[in-house]
Amino acid sequence: MFRALVICLLFLPFCALAQTVTDPSRDREIPIETYFPDNAVNCSPTARCAVAMLSAGYGVSHKDYQFLTKTLNRAGYLVVAVGHELPSDPPLSVEGNLYETRAENWQRGADTLSFIRAHFKTQLPAYNFDKVLLIGHSNGGDISAWLINHGATFADHIITLDHRRVPLPRDPKIKVLSIRASDFPADPGVLPNNEELKKYHSCVVTIAKAKHNDMSDEGPHWLKHSVAQMVTAHLNGSPCQN
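Numbering (our numbering), first residue to last: 37 to 278.
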């Protein structure tokens, strides 16, 4: 991997590496795309650069969020995009109490993120895998929230794109941004109420006329531009516009 990384950083303006990582404890092959920040040459074990782990929406490829990875790369983040769904996995439940029937999917995804984080922490010592930004669309946002809610200590920041099932963290130590589409509501209790928004300094923003399924590279340019602007402003510490 090191040789491929050197070639990538030296000769390509947008550096991305594709690989499959095997989790031996689950005999699970996990597809990964790693996108290096624009300032990668300045990252070192003594000056570690920021890390984001990206989880796609169900049925969407982890490769289909280039507009987000480029936004994060420009902000100085290494982005690890994780492919969660394998052909051998059971389909995502669409019946019953979804918080209960989808729990196995979210826990599997959380286990995958934890494994990938531990794997890359040793492989890429120039990046800070002790304080990770989790970012996810739809079910990928549910996985990210589930992981933090179930005790992950390496994630201190979450951004979701219209996830709808798993409650956002209510923790003043966790930075929260949730960008909402306009066509479907979140389940009760998923989003902080007005009092909680103030108490935990969370940010929830709805984009008018945005559709849930359009929050990937397949969506319209205006929506991708709006999402990218909101993410950039949030990372820069701008006040929430909710």
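Note that beta-carbon positions come from the ideal geometry of N, C-alpha and C, so glycine has one too. All values reported here derive from a predicted model rather than from experimental measurement.
- Aspartate 178 is classed as buried because its beta carbon has at least 16 other beta carbons within 10 Å across all chains shown.
- In the displayed model, serine 80 falls within a strand according to three-state DSSP.
- With contacts defined by Cβ atoms closer than 9 Å, leucine 122 and glutamate 65 form a contacting pair.
- Inside the stretch 186-244, DSSP marks whole beta strand (DSSP E) runs of 3 or more residues at positions 191-197, 211-216, 239-242, from first to last along the chain.
- Judged by DSSP secondary structure, glycine 172 falls outside any alpha helix (DSSP H) and instead within the beta strand (DSSP E) spanning 163-173.
- DSSP places glutamate 69 in the uninterrupted beta strand (DSSP E) bounded by 64-71.
- If you look at glutamine 265, you'll find it in the alpha helix (DSSP H) that goes 257-271.
- For the options Thr196, Arg62, Leu259, the alpha carbon positioned closest to that of serine 238 is the one of Thr196.
- Between leucine 53 and phenylalanine 151, the alpha-carbon positions lie close to 18 Å from each other.
- Ranked by how close their Cα comes to the Cα of lysine 99, the residues Trp258, Asp253, Asn278, Lys167 have Asp253 in first place.
- Between asparagine 141 and asparagine 175, the C-beta spacing is below 9 Å.
- Contact annotation: proline 203 and glycine 187 have beta-carbon atoms that are not nearer than 9 Å.
- Apart from sequence neighbours up to five positions away, the residues of its chain that approach alanine 88 with a beta-carbon distance below 6 Å are Leu108, Tyr113, Val115, Leu169, Ile171, ordered along the chain.
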